[in-house]
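A.B. asks:
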Amino acid sequence: MARYGEILLQENPRRRRRSRRNPSMNPFPKVPKSVGGFFQGVKPMDAALALGGFAGATMLPGVFIKETTTTGQKFGKFALALVSTGVVGMAAKSVGGLSGAQAAVAGGLAGALAQGLSMMGWAQIGGKNRMLASGPRRLGTSTVVSPSMTREGETVSLITP
Amino acid sequence: METNVVLSPIQEYAPGQVSAIRNEIIRALVTRVSRELTLPEENLVVRDIRAYDDLGFGNNTDYMATATAANIWGTFKRADTYIKTAAAAGYGDAIADSTAMADQRYVALFGVRDWRMSRPTTNEAIVSLIKFDVGAADRAIWDLSKCEAYKNYIAGISPSAVVIPPLAPYQISMYLVNATAEEPCVQLMGVVVEPVGLLIVP
Chain A
5 MARYGEILLQ ENPRRRRRSR RNPSMNPFPK VPKSVGGFFQ GVKPMDAALA LGGFAGATML
65 PGVFIKETTT TGQKFGKFAL ALVSTGVVGM AAKSVGGLSG AQAAVAGGLA GALAQGLSMM
125 GWAQIGGKNR MLASGPRRLG TSTVVSPSMT REGETVSLIT P
Chain B
6 METNVVLSPI QEYAPGQVSA IRNEIIRALV TRVSRELTLP EENLVVRDIR AYDDLGFGNN
66 TDYMATATAA NIWGTFKRAD TYIKTAAAAG YGDAIADSTA MADQRYVALF GVRDWRMSRP
126 TTNEAIVSLI KFDVGAADRA IWDLSKCEAY KNYIAGISPS AVVIPPLAPY QISMYLVNAT
186 AEEPCVQLMG VVVEPVGLLI VP
């Protein structure tokens with residue numbers, strides 16, 4: 005027994021999508037024209053490369069500079085984000101051409117901006133889970149031992165030369 | 006720069022907490038020794054400290070009237086040659102000068118008992134500070150003042166154990182508050198970690 009769509013194709017050999025004949029079969033919601041206009045002409049490859057650029061600029065600096073307590077570390081991390089943008093852009097050019105590279109650079113610049121904003125203290129990208137016990141903290145030459153949660157989990161330290 | 010540690014009295018720990026601290030210190034030290042001596046942990050032995058043979062404790066007339074080669078922690082016998090008459094308040098070195106730890110032997114110290122109140126005749130001499138010089142530098146100073154609040158059992162524990170590694174020169178100095186004719190009676194709590202066969206084969 006033929007299905008509804010197949011019957012339509014037999015009667016209308018010209019290809020028509022089922023969604024046009026029967027809008028209720030359209031699996032995707034209708035995008036307003038004002039929003040859809042933003043995505044017109046955007047290739048999926050460019051979108052993916054832009055996302056890659058954003059991810060690279062956001063995550064790569066954290067691999068090399070883990071702490072941003074001093075001003076030098078903050079500027080270094082921001083500079084590393086910009087360098088990551090350039091590197092990702094060059095890599096994207098070989099994959100997606102000039103438009104792909106531009107998309108990757110755009111994404112990377114957005115990531116670098118996010119990185120810079122997070123270091124100003126307005127937003128947080130990653131970071132320690134402060135809900136968990138962080139273990140012994142060092143204040144100068146003194147060691148503060150975190151209170152233990154259980155008897156089996158005593159936190160100790162060794163003072164060695 | 007040394008770490009000043011005010012020892013917490015044993016009485017202020019929860020039941021089992023002192024043992025847990027001891028066990029964690031042993032675990033951390035065994036891991037460290039296994040790595041530094043490149044020996045598997047099953048080839049290491051953990052045992053109690055021998056006062057003289059492991060630390061050379063009491064082998065200095067600054068602290069004991071007669072330097073002794075016996076494994077005792079301090080003056081425990083009245084009117085004996087071990088008794089030290091303190092000439093003045095201040096630090097008294099308990100270890101002979103230029104003493105170094107034996108090869109392949111690690112000693113970790115994490116507590117002290119002052120048992121002068123347990124003697125038939127109690128005395129007033131108070132060891133208020135214990136200073137650990139390891140590797141030609143002061144590493145820790147233990148403050149026993151909080152422990153003095155519990156006269157029936159003066160003992161304190163530190164979660165930060167002082168480790169004396171092999172071949173390291175060290176000195177343990179006791180600070181006597183009173184210059185009296187009485188004698189200090191302190192016993193250090195700790196463990197020794199060393200390869201099997203160095204002293205014992207369990």
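Note that the protein sequences, when read in sequence, are chains A and B.
For the numbering used here, count along the first sequence from 1 and bump the result up by 4.
For the numbering used here, count along the second sequence from 1 and bump the result up by 5.
The beta carbon of each residue, even a glycine, is placed where N, CA and C say it ideally should be.
#1: Which chain A residues are close to R2 (chain B), counting only those with a beta carbon under 9 Å from its beta carbon?
#2: Figure out for me which residue from B:A19, B:N28, B:E46 and B:D67 has the closest Cα to the Cα of L114 (chain B).
#3: At a CB-CB cut-off below 8 Å, which residues of chain A make contact with E29 (chain B)?
#4: Which first and last residues belong to the beta strand (DSSP E) in which G21 (chain B) is found?
#5: Might you give, ordered along the chain, the residues of its own chain that have their beta carbon closer than 8 Å to the beta carbon of N157 (chain B), omitting 5 neighbours on each side?
#6: Looking only at its own chain, which residues have a Cβ that is under 6 Å from the Cβ of Q176 (chain B), when we skip the five neighbours before and after it?
#7: Give the residues of chain A in contact with R44 (chain B), contact being defined as C-beta atoms less than 7 Å apart.
#8: Indicate whether at least one CB of chain A lies closer than 9 Å to the CB of S165 (chain B).
#9: In angstroms with no decimal places, state the Cα-to-Cα distance between I205 (chain B) and E153 (chain B).
#10: Run through DSSP, which three-state label would G161 (chain B) get?
#11: Can you tell which of B:T43, B:V10 and B:K151 has the C-alpha that lies nearest to the C-alpha of D119 (chain B)?
#12: What's the C-alpha gap between Q77 (chain A) and G120 (chain A)?
#13: Rounded to whole angstroms, how far is the Cβ of A191 (chain B) from the Cβ of M179 (chain B), which I believe are closer than 8 Å?
#14: From this set, B:Q109, B:G202, B:P207 and B:G195, which residue's C-alpha is nearest R55 (chain B)'s C-alpha?
#15: State buried or exposed for T159 (chain A), treating a residue as buried only when at least 16 other CB atoms are found within 10 Å of its CB.
#16: Would I26 (chain B) count as contacting chain A if we go by Cβ distances under 9 Å?
#17: If you draw a straight line from the C-alpha of F58 (chain A) to the C-alpha of G93 (chain A), how long is it?
#18: Quick one: what does DSSP say Q119 (chain A) is sitting in, helix, strand or coil?
#19: Helix, strand or coil: how does DSSP classify T8 (chain B) here?
#20: Under the DSSP definition of a beta bridge, which residues are partnered with P189 (chain B)?
#21: Leaving out five residues on either side along the sequence, give the residues of the same chain with a beta carbon under 8 Å from the beta carbon of A105 (chain A).
#22: Answer yes or no: do F82 (chain A) and A116 (chain A) have a C-beta to C-beta separation smaller than 9 Å?
#23: Using the beta-carbon count (16 or more within 10 Å), is T74 (chain A) buried or exposed?
#24: Would you report the Cα separation of M49 (chain A) and G100 (chain A), rounded to the nearest angstrom?
#25: Give me the chain A residues within the contact set of P170 (chain B), using Cβ-Cβ distance strictly less than 9 Å, ordered along the chain.
#26: Measure the C-alpha to C-alpha separation of A51 (chain A) and A110 (chain A) and round it to an integer number of angstroms.
#27: Less than 9 Å between the beta carbons of L149 (chain B) and I159 (chain B), yes or no?
#28: Between L44 (chain B) and the rest of its own chain, which residues show a CB-CB distance below 8 Å, the 5 nearest in sequence each way excluded?
#29: Please decide whether G116 (chain B) counts as near chain A, where near means a Cβ-Cβ distance under 9 Å.
#30: Given a limit of 7 Å on CB to CB distance, which residues of the region 134-158 of chain B reach chain A?
#31: DSSP puts E1 (chain B) in a beta bridge; with which residues?
#32: Let me know the secondary structure DSSP gives A83 (chain A) once reduced to three states.
#33: Does T8 (chain B) have its Cβ less than 9 Å from a Cβ in chain A?
#34: Roughly how many whole angstroms lie between the Cα atoms of W147 (chain B) and A105 (chain B)?
C.D. replies: Looking at the coordinates:
#1: What is shown of chain B runs 6 to 207, which leaves residue 2 (chain B) out entirely.
#2: The sequence position of residue 114 (chain B) within the second sequence is 109, counting from 1. If we check each option's Cα against that of L114 (chain B), B:N28 comes out closest.
#3: Here residue 29 (chain B) refers to the residue found at position 24 of the second sequence. Chain A residues near E29 (chain B): E158, T159 and V160.
#4: Position 16 of the second sequence, counted from the start, is the residue given in the question as residue 21 (chain B). First-last for G21 (chain B): undefined, no H or E at that position.
#5: Taking the second sequence and counting its residues from 1, the one referred to as residue 157 (chain B) is at position 152. Answer for N157 (chain B): M122, listed in chain order.
#6: On the second sequence, position 171 is the one that residue 176 (chain B) refers to. Hits under 6 Å: D98, I100 and D138.
#7: Numbered from its first residue, the second sequence carries residue 44 (chain B) at position 39. The question names Arg, yet the displayed sequence has Leu at residue 44 (chain B). Per Cβ cutoff of 7 Å: no residues; L44 (chain B) is ~18 Å from chain A at best.
#8: Counting from 1 along the second sequence, the entry for residue 165 (chain B) is found at position 160. With 9 Å as the cut-off, S165 (chain B) counts as an interface residue toward chain A.
#9: Residue mapping note: residue 205 (chain B) aligns to position 200 of the second sequence, counting from 1. Residue mapping note: residue 153 (chain B) aligns to position 148 of the second sequence, counting from 1. Cα-Cα distance, rounded: 37 Å.
#10: Stepping through the second sequence from its first residue, residue 161 (chain B) is reached at position 156. In this structure, G161 (chain B) counts as strand in the three-state DSSP scheme.
#11: Working through the second sequence from its first residue, we reach residue 119 (chain B) at position 114. Comparing Cα positions, the closest option is B:K151.
#12: The sequence position of residue 77 (chain A) within the first sequence is 73, counting from 1. The sequence position of residue 120 (chain A) within the first sequence is 116, counting from 1. Looking at the backbone, the Cα of Q77 (chain A) and that of G120 (chain A) are separated by about 12 Å.
#13: Sequence index remark: in the second sequence, residue 191 (chain B) carries index 186 (1-based). Sequence index remark: in the second sequence, residue 179 (chain B) carries index 174 (1-based). First, the residue type needs correcting, since residue 191 (chain B) is Val and not Ala in the sequence shown. So it is a contact: roughly 7 Å between Cβ atoms.
#14: On the second sequence, position 50 is the one that residue 55 (chain B) refers to. For R55 (chain B), the closest of B:Q109, B:G202, B:P207 and B:G195 by C-alpha to C-alpha distance is B:G195.
#15: Locating residue 159 (chain A) in the first sequence gives position 155, where the first residue counts as 1. So T159 (chain A) ends up on the buried side.
#16: Translated into the one-based positions of the second sequence, residue 26 (chain B) becomes position 21. Yes, I26 (chain B) counts as interfacial toward chain A.
#17: As a working mapping, residue 58 (chain A) is identified with position 54 in the first sequence. As a working mapping, residue 93 (chain A) is identified with position 89 in the first sequence. Using only the alpha carbons, I get a separation of about 11 Å.
#18: Mapped onto the first sequence, residue 119 (chain A) falls at position 115. Three-state result, Q119 (chain A): helix.
#19: Residue mapping note: residue 8 (chain B) aligns to position 3 of the second sequence, counting from 1. Strand.
#20: Mapped onto the second sequence, residue 189 (chain B) falls at position 184. According to DSSP, which records beta bridges pairwise, P189 (chain B) is partnered with nothing at all.
#21: Within the first sequence, numbered from 1, the residue matching residue 105 (chain A) stands at position 101. A distance below 8 Å between beta-carbons, with the five flanking residues on each side excluded, links A105 (chain A) to the following residues of its chain, in chain order: L53, G93, M94, A96 and K97.
#22: One-based indexing of the first sequence puts residue 82 (chain A) at position 78. One-based indexing of the first sequence puts residue 116 (chain A) at position 112. Going by C-beta atoms, F82 (chain A) is nearer than 9 Å to A116 (chain A).
#23: If you number the first sequence from 1, residue 74 (chain A) lands on position 70. Answer is exposed; the Cβ neighbour count stays below 16.
#24: Position 45 of the first sequence holds residue 49 (chain A). Position 96 of the first sequence holds residue 100 (chain A). Each residue's Cα considered, the two are about 7 Å apart.
#25: To locate residue 170 (chain B), count along the second sequence from 1; it is residue 165. Within chain A, the residues near P170 (chain B) are T164 and P165.
#26: Against the first sequence, residue 51 (chain A) aligns to sequence position 47. Against the first sequence, residue 110 (chain A) aligns to sequence position 106. Rounded to whole angstroms, A51 (chain A) to A110 (chain A) spans 10 Å at the Cα level.
#27: Looking up residue 149 (chain B) in the second sequence gives position 144. Looking up residue 159 (chain B) in the second sequence gives position 154. Yes, Cβ-Cβ distance for L149 (chain B) and I159 (chain B) is below 9 Å.
#28: Taking the first residue of the second sequence as position 1, residue 44 (chain B) is located at position 39. Cβ neighbours of L44 (chain B) beyond the five flanking positions: V38 and P200.
#29: To locate residue 116 (chain B), count along the second sequence from 1; it is residue 111. Using a CB distance cut-off of 9 Å, G116 (chain B) does not count as an interface residue toward chain A.
#30: The residues in question are V139, G140, A142, R144 and A145.
#31: Because chain B spans 6 through 207 in this model, residue 1 (chain B) falls outside it and cannot be assessed.
#32: Within the first sequence, the letter at position 79 stands for residue 83 (chain A). Residue state for A83 (chain A) is assigned as helix, using DSSP reduced to three classes.
#33: The residue given as residue 8 (chain B) occupies position 3 in the second sequence. So, interface residue.
#34: Here residue 147 (chain B) refers to the residue found at position 142 when the second sequence is read from its first residue. Here residue 105 (chain B) refers to the residue found at position 100 when the second sequence is read from its first residue. Roughly 21 Å between the two C-alpha positions.
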